[in-house]
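Reading through the structure tokens given below for one structure.
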Amino acid sequence: MTTNETPRGSIEISPSVIATLASHAALQTYGVVGMASPNLASDIAASLTRDPNRGIAVRLDGAHIVIDVYVIITHGTRIASVANSLINSVRYAVEQATGLSVGQVNVRVQGLRVSKTE
Amino acid sequence: MTAKAHNAAPPPSGPTACDGQAFKRLVQAGRDWLDRHHALVNQLNVFPVPDGDTGTNMLMTMRNAVKEVEANPSDHIGQVAAQIAHGAMMGSRGNSGTILSQLWQGFAHALRDHKSLTPELLARGLREASDTAYRGVIKPVEGTILTVAREAAEAAQESARDTHDLVEILRRVVLRAKDALARTPEMLPILQKAGVVDSGGSGLVYILEGMLLYLQGEQIEVEEIIAAEARDLATTLAPEDELGYGYDVQFILKGDGLDVNTVRAAIDQMGWSTLVVGSQDAIKVHVHVHDPGIPLSYAVSLGALSDIVVENMQEQFQDYVRERGTAEPPAKAQPAGAQAEIPPIELDSDDIGVVTVASGEGLARVFRQLGAAGLVMGGQTNNPSTQEILDAIQHVPTEKIILLPNNKNIILAAEQAARLATDQTVVVIPTRSMPQGISALLPYDPKGDLETVAEAMLQAKDNVVTGEITTATRSVELNGVQVASGQIIGLVDGTLAVAGDNLSSVLRSTLEQMCSHTCELITLYFGNGIREAEARQVTDSLSALYPDQEFEVVYGGQAHYHYILSAE
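Here the protein sequences come in this chain order: A and B.
Under the numbering used here, think of the first position of the first sequence as 20, with each following residue one higher.
Under the numbering used here, think of the first position of the second sequence as 1024, with each following residue one higher.
Here you go:
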């Protein structure tokens, strides 16, 4: 739970909210074709999911929010470029919506997807 | 960036087909037209992250694509396109650059077995480009470069049915792409809110339009681009040494069992702006030196050299100056308000540089003396913009930056600028006053570890109590202090503490509340409305009341604040 004290009351933001924001931003990032569960590589197939927090781990490191994003990237893109865009988008989306500062966004590329025609 | 390609003859093949070499020049024209407009594209960038680099990212991607294929003599369009796609992918940067590289891959895939480009093939290529790009994301967002690419493909398919003229088809493609671009704000609300069209889409339009212009026989001038980039050039061309600009030396060293770290350390000793990267077999070296012979002789003792480039930077600078019609060398690190007699701090690229906000020229001088490499002028009533802060950050030639906003209203803009400075690691120390900034600078060590130095500076900022003396602009009651408009007020660490009609009595009471005789050093920074003699007189009378404290009087030059006090 991330708490922000203001003179007129406190604002608490649950990690799952942050995860949802991060997930949304991740899925809009070009080159990301799926979220992956951190542990189960076999889960890759079911990458389109209704669980909004899938593939996202949010934790607090002191005062900083650290977001781990587990993704599947489309084959044929430069992974480093996609990952960099992903970091920027997730950070921006979370900071914009919550006003909190994001310490780190770590991208874990769990898989590549080769599209059918190639 | 070269315009040479445009001096070449127009495409040799007729307007109904285009071979590999002609296509190469077409793509070059697309790149150059984007080059000319990339700054505009940058300005449009609001989605998905408004970091203003879409145009640059797309241009880098295109440059790499063209570079990859430059030496390819093949007439086979499939081979040329495949190589362009490969170059685009390897050089892709950012979201839009990645999409662009995917477009190229789809296009190249459609052309792979063909020798020359026919109208049908152009249509199919654009179709497949768009399809491939759409497949690269789960939730394709309409109103972006994807939309522009898709509509361009549709236009090509429609046109290919009733004409075989490549120029005519491309003309319609560009028209439709522009039309789609103009409609992007209707599809993506954030664009409408910002009052812009999609930046990636506009980049794609420029590339297509550049190709069309070339086919129509127009030559793309690149002069304007040079002017547009002149500002960036000004910093890179700033003299880095009193001996002048020296030489830019680049080469690739090939050998067995090379140790990159040893080579880097050795090269680093020889000059500045060192960049040494590579593996055991090959190392790429870039360094600025006064004698290009030194690094070359050193390297040749380790292995074989290739791709040697030696450029005279003095000449480059003089050419630059001639073109710009000015004899003055560009200022380094934009020392706004800095005094010439303080030499700028010398920093290596892996040092820590400090950028700070100063509210007066005297304060700027103090900051510079303490080692600040970049200064932004601004304060209470004229907060600098994020862009101004960002410019100052980017003018400092170090990768690690510590940023001191020195005003609570500037902290936010500073943090924003820090985020936008993607090429540098920027740490913002949230200093809320000029004295806090000065105090924070005391433990600054350019050679230290960024985290350690930042931590020390963060601690140091609280070693000081700040007092500010100004005139109230409206009547107010705050913290139990009644103030009438026009009265002199004293603030302690940003909180209203004292109000009165007499400057020296307010000064005395403020000081009383600041340190209560426990501090050691009291500094008065007098503003631009106060004469030095007056400030000294005031200080003398104060020092009589504080026999155990040391006093310093410094010209601050700040507006609105008669005095800024610091007690430490």
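Here a beta-carbon is modelled for each residue, glycine too, at the ideal position from N, C-alpha and C.
| field | Cβ-based contacts, 7 Å cut-off: residues of the stretch 1154-1185 of chain B near chain A | value | 1158, 1159, 1160, 1161, 1162 and 1164
| message | Could you check whether residue 1086 of chain B and residue 1059 of chain B sit closer than 9 Å to each other, using their CB atoms as the reference points? | response | no
| Against chain B: residues of the stretch 25-48 of chain A by CB proximity under 8 Å | 44, 46, 47 and 48
| request: Step through the CB atoms of chain B and report whether any lies within less than 9 Å of the CB of residue 112 of chain A. | output: yes
| request: Anything in chain B within Cβ reach of residue 107 of chain A, meaning under 7 Å, just list it in chain order. | output: 1072 and 1074
| request: Output yes if chain A places a C-beta closer than 9 Å to the C-beta of residue 1086 of chain B; else output no. | output: no
| task | With 9 Å as the threshold, decide whether the Cβ of residue 1106 of chain B is near any Cβ in chain A. | result | no
| Stretch pair the stretch 1501-1511 of chain B + the stretch 1557-1570 of chain B: three plus CB contacts closer than 8 Å | no
| Under a three-way DSSP split, which group does residue 1485 of chain B fall into? | helix
| Residues of its chain near residue 1385 of chain B, where Cβ-Cβ distance is below 7 Å and the 5 sequence neighbours each way are ignored | 1548, 1577, 1578, 1579 and 1580
| Does the beta carbon of residue 1442 of chain B come closer than 9 Å to any beta carbon on chain A? | yes
| query | Secondary structure at residue 127 of chain A, three-state DSSP: helix, strand or coil? | reply | strand
| request: Check the Cβ-Cβ distances between residue 1326 of chain B and every residue of chain A, and say whether any is below 9 Å. | output: no
| message | Taking 9 Å as the threshold (beta carbon to beta carbon), is residue 1438 of chain B in contact with chain A? | response | yes
| field | Under 9 Å between C-beta atoms of residue 1132 of chain B and residue 1155 of chain B | value | yes
| Could you give the residue range of the beta strand (DSSP E) that holds residue 1519 of chain B? | 1518-1523
| field | Buried/exposed call for residue 79 of chain A, threshold 16 Cβ in 10 Å | value | exposed
| message | Let me make sure I understand the geometry here. Which of B:1433, B:1434 and B:1441 has the alpha-carbon closest to that of residue 1414 of chain B? | response | B:1441
| request: Give the secondary structure of residue 1426 of chain B by DSSP, where H, G and I count as helix, E and B as strand, and everything else as coil. | output: strand
| What residue does the beta strand (DSSP E) around residue 1397 of chain B start on, and which one ends it? | 1397-1400
| task | Please say whether residue 1182 of chain B and residue 1196 of chain B have beta carbons closer to each other than 9 Å? | result | yes
| query | Can you list the residues of chain B that residue 21 of chain A reaches, using a CB-CB cut of under 7 Å? | reply | The contacting residues do not exist; residue 21 of chain A stays about 17 Å from chain B at best.
| message | Buried or exposed, going by whether 16 or more other CB atoms sit within 10 Å of the CB of residue 1470 of chain B? | response | exposed
| task | Spell out the partners DSSP gives residue 1494 of chain B in its beta bridges. | result | B:1511
| query | What residue from B:1212, B:1193, B:1231 and B:1521 has the CA that sits closest to residue 1141 of chain B's CA? | reply | B:1193
| query | Taking residue 1516 of chain B as the reference, which of B:1543, B:1505, B:1485 and B:1508 has the closest Cα? | reply | B:1485
| Distance, Cα to Cα, residue 1067 of chain B vs residue 1229 of chain B? | 13 Å
| said: Buried or exposed, going by whether 16 or more other CB atoms sit within 10 Å of the CB of residue 1568 of chain B? | reply: exposed
| According to the Cβ coordinates, are residue 1204 of chain B and residue 1171 of chain B closer than 9 Å? | yes
| request: Return the CA-CA distance between residue 1480 of chain B and residue 1454 of chain B, expressed in angstroms with no decimal places. | output: 10 Å
| said: Give me, in chain order, the residues of the same chain whose beta-carbon lies closer than 7 Å to that of residue 124 of chain A; leave out the 5 immediate sequence neighbours on both sides. | reply: 86, 88, 106, 109 and 110
| Within chain B, partners of residue 124 of chain A - CB distance below 9 Å | In chain order: nothing, as chain B lies at least about 12 Å away.
| query | Expressed to the nearest angstrom, what Euclidean distance is found between the alpha-carbon atoms of residue 1091 of chain B and residue 1408 of chain B? | reply | 40 Å
| What number of angstroms, rounded off, separates the C-alpha of residue 1258 of chain B from the C-alpha of residue 1418 of chain B? | Low per-residue confidence applies at residue 1258 of chain B: pLDDT is 33, beneath 50, and the placement is therefore not dependable, though the value from the model is reported in the following sentence. Straight-line Cα distance between these residues: approximately 6 Å.
| task | With residue 1305 of chain B as the anchor, note down where its beta strand (DSSP E) starts and where it stops. | result | 1305-1312
| message | According to DSSP, is residue 80 of chain A part of a helix, a strand, or is it coil? | response | strand
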